[in-house]
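Here is the structure we will look at, set down as structure tokens.
In structure tokens form, the structure reads like this:
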């Protein structure tokens, strides 16, 4: 399996500010994903971040609001920009193995709990 | 668009019994389906993946079935224990024009195993 860490684990932010969340993986992976889990809801995919290409955003999510970087095969960042209380959520990164016995399995980080006041 | 429904928001089971959770999906024919466990305040933890050509898969006390005709997966926990209490998520691969692209999750079933 892959070991994934996220920073920060939680934060409380003021409306209108931005927060950058970091995701670090213990091994090189091609496919990384960012999800959001709003209170009491399931996970919703924000974007796919593959190294060497622009992030691909899902419907309802735009790059200006959620810019993503993927500088190498073990690291990615997600920025939540110009935050509002509606952005209060848990943000999770995940990776997917593409070969070997663990192919197609996704591994998730512990999440970043964001509260916007 | 893909839709995933999990049979109930909450399920109470007596310790020692078999817990059965249901996942139904529409508008899609996935190559595989996955089940995850999520505890409060934590990220989902992968449990099992079952492919379209597999009818059943087992891992210790867990069993998953996959019926592509009914578009349904059943997730069983045998000899359930209070430590099995958690939210269980069903997820399908997403496909974009370029290939598999992340997962679509159901809302989850909150399983409570009572001593």
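Chains as they are written, first to last, in this note's numbering: chain G, 19 to 135; chain A, 10 to 124. We put the beta carbon where it would ideally sit given N, CA and C, even for glycine.
- CA-CA distance, residue 128 (chain G) and residue 78 (chain A)? Taking the first residue of the first chain as 1, we reach residue 128 (chain G) at position 110. Taking the first residue of the second chain as 1, we reach residue 78 (chain A) at position 69. CA-CA distance, residue 128 (chain G) to residue 78 (chain A), rounds to 35 Å.
- Query: From residue 10 (chain G) to residue 101 (chain G), what distance separates their C-alpha atoms?
  - Reply: Coverage of chain G is limited to positions 19 through 135, which leaves residue 10 (chain G) absent and any answer about it impossible.
- Touching or not, the stretch 85-92 of chain A and the stretch 13-30 of chain A, by the rule of three or more beta carbon pairs under 8 Å? Contact between the stretch 85-92 of chain A and the stretch 13-30 of chain A is present, because at least three Cβ pairs lie under 8 Å.
- Task: Starting from residue 110 (chain G), find everything on chain A with Cβ-Cβ shorter than 9 Å and list it in chain order.
- Result: Working through the first chain from its first residue, we reach residue 110 (chain G) at position 92. Chain A residues near residue 110 (chain G): 52 and 53.
- Could you give the uninterrupted runs of the beta strand (DSSP E) lying entirely in the stretch 104-128 of chain G, keeping only those of 3 residues or more? For the stretch 104-128 of chain G, whole beta strand (DSSP E) runs of length 3 or above, ordered along the chain, are 107-114 and 124-126.
- Task: Report yes or no: is there a C-beta of chain G within less than 8 Å of the C-beta of residue 71 (chain A)?
- Result: Start at 1 with the first residue of the second chain, and residue 71 (chain A) comes out as number 62. No - not a single Cβ of chain G is within 8 Å of the one on residue 71 (chain A).
- Query: Which two residues bound the contiguous beta strand (DSSP E) that contains residue 137 (chain G)?
  - Reply: Because chain G here runs from 19 to 135, residue 137 (chain G) falls outside it and cannot be looked at.
- With residue 60 (chain G) and residue 116 (chain A) assumed to form a contact (beta carbons below 8 Å), what rounded beta-carbon distance in angstroms separates them? Taking the first chain and counting its residues from 1, the one referred to as residue 60 (chain G) is at position 42. Taking the second chain and counting its residues from 1, the one referred to as residue 116 (chain A) is at position 107. Going by Cβ atoms, the distance from residue 60 (chain G) to residue 116 (chain A) rounds to 5 Å, so yes, they are a contact pair.
- Contact check, residue 89 (chain A) vs residue 25 (chain A) under 8 Å by CB: the rounded distance? In the second chain, the residue the question calls residue 89 (chain A) occupies position 80. In the second chain, the residue the question calls residue 25 (chain A) occupies position 16. Going by Cβ atoms, the distance from residue 89 (chain A) to residue 25 (chain A) rounds to 7 Å, so yes, they are a contact pair.
- Message: Would you say residue 123 (chain G) lies against chain A (beta-carbon separation less than 8 Å)?
- Response: For the purposes of this step, residue 123 (chain G) is identified with residue 105 of the first chain, where counting begins at 1. At least one chain A Cβ lies under 8 Å of residue 123 (chain G).
- Item | Closer than 8 Å to chain A by CB, residue 48 (chain G) | Translated into positions along the first chain, residue 48 (chain G) becomes position 30. Contact with chain A is absent for residue 48 (chain G), since none of that chain's Cβ atoms lies less than 8 Å from the residue's Cβ.
- Straight-line gap, residue 40 (chain A) to residue 26 (chain G) (C-alpha atoms, nearest Å): Taking the second chain and counting its residues from 1, one reaches residue 40 (chain A) at position 31. Taking the first chain and counting its residues from 1, one reaches residue 26 (chain G) at position 8. Taking the straight line joining both Cα atoms gives about 35 Å.
- Cβ-Cβ distance between residue 13 (chain A) and residue 45 (chain A) below 8 Å: In the second chain, counting from the first residue as 1, residue 13 (chain A) sits at position 4. In the second chain, counting from the first residue as 1, residue 45 (chain A) sits at position 36. For residue 13 (chain A) and residue 45 (chain A), no; Cβs fall outside 8 Å.
- Message: With a threshold of 7 Å on Cβ separation, who are the neighbours of residue 79 (chain G) within its own chain once the five nearest residues in sequence on each side are excluded?
- Response: Translated into positions along the first chain, residue 79 (chain G) becomes position 61. Answer for residue 79 (chain G): 64 and 65, listed in chain order.
- Message: I'd like the span of the beta strand (DSSP E) that includes residue 63 (chain A), first residue to last.
- Response: Taking the first residue of the second chain as position 1, residue 63 (chain A) is located at position 54. For residue 63 (chain A), no beta strand (DSSP E) run applies, since DSSP gives it neither H nor E.
- Item | Under 9 Å by beta carbon: chain A residues contacting residue 128 (chain G) | For the purposes of this step, residue 128 (chain G) is identified with residue 110 of the first chain, where counting begins at 1. The contacting residues are 50, 51 and 52.
- Query: Along chain A, which residues have their Cβ under 9 Å away from the Cβ of residue 51 (chain G)?
  - Reply: Translated into positions along the first chain, residue 51 (chain G) becomes position 33. Residues of chain A whose Cβ lies closer than 9 Å to the Cβ of residue 51 (chain G) are, in chain order, 110, 111 and 112.
- Task: Can you grab the Cα-Cα spacing for the pair residue 36 (chain G) / residue 18 (chain A), in whole Å?
- Result: As a position in the first chain, residue 36 (chain G) is number 18, starting the count at 1. As a position in the second chain, residue 18 (chain A) is number 9, starting the count at 1. Rounded to whole angstroms, the separation of the alpha carbons of residue 18 (chain A) and residue 36 (chain G) is 34 Å.
- Which residues bound the beta strand (DSSP E) around residue 19 (chain A)? The sequence position of residue 19 (chain A) within the second chain is 10, counting from 1. Note, residue 19 (chain A): beta strand (DSSP E), 19-23.
- Item | Local conformation of residue 100 (chain A) per DSSP, three classes | If you number the second chain from 1, residue 100 (chain A) lands on position 91. It is a strand residue.
- Query: So, does the CB of residue 116 (chain A) fall closer than 8 Å to a CB anywhere in chain G?
  - Reply: Walking along the second chain from the start, residue 116 (chain A) turns up at place 107. Cβ-Cβ to chain G under 8 Å: yes for residue 116 (chain A).
- Message: Please return the same chain residues whose Cβ sits closer than 6 Å to the Cβ of residue 114 (chain A), not counting the five positions on each side in sequence.
- Response: Residue 114 (chain A) sits at position 105 when you count from the first residue of the second chain. Here residue 114 (chain A) has 98 and 100 as same chain residues with Cβ atoms under 6 Å from its own Cβ, once five neighbours each way along the sequence are excluded.
- DSSP puts residue 28 (chain A) in a beta bridge; with which residues? Taking the first residue of the second chain as position 1, residue 28 (chain A) is located at position 19. Bridge partners of residue 28 (chain A) according to DSSP: A:86.
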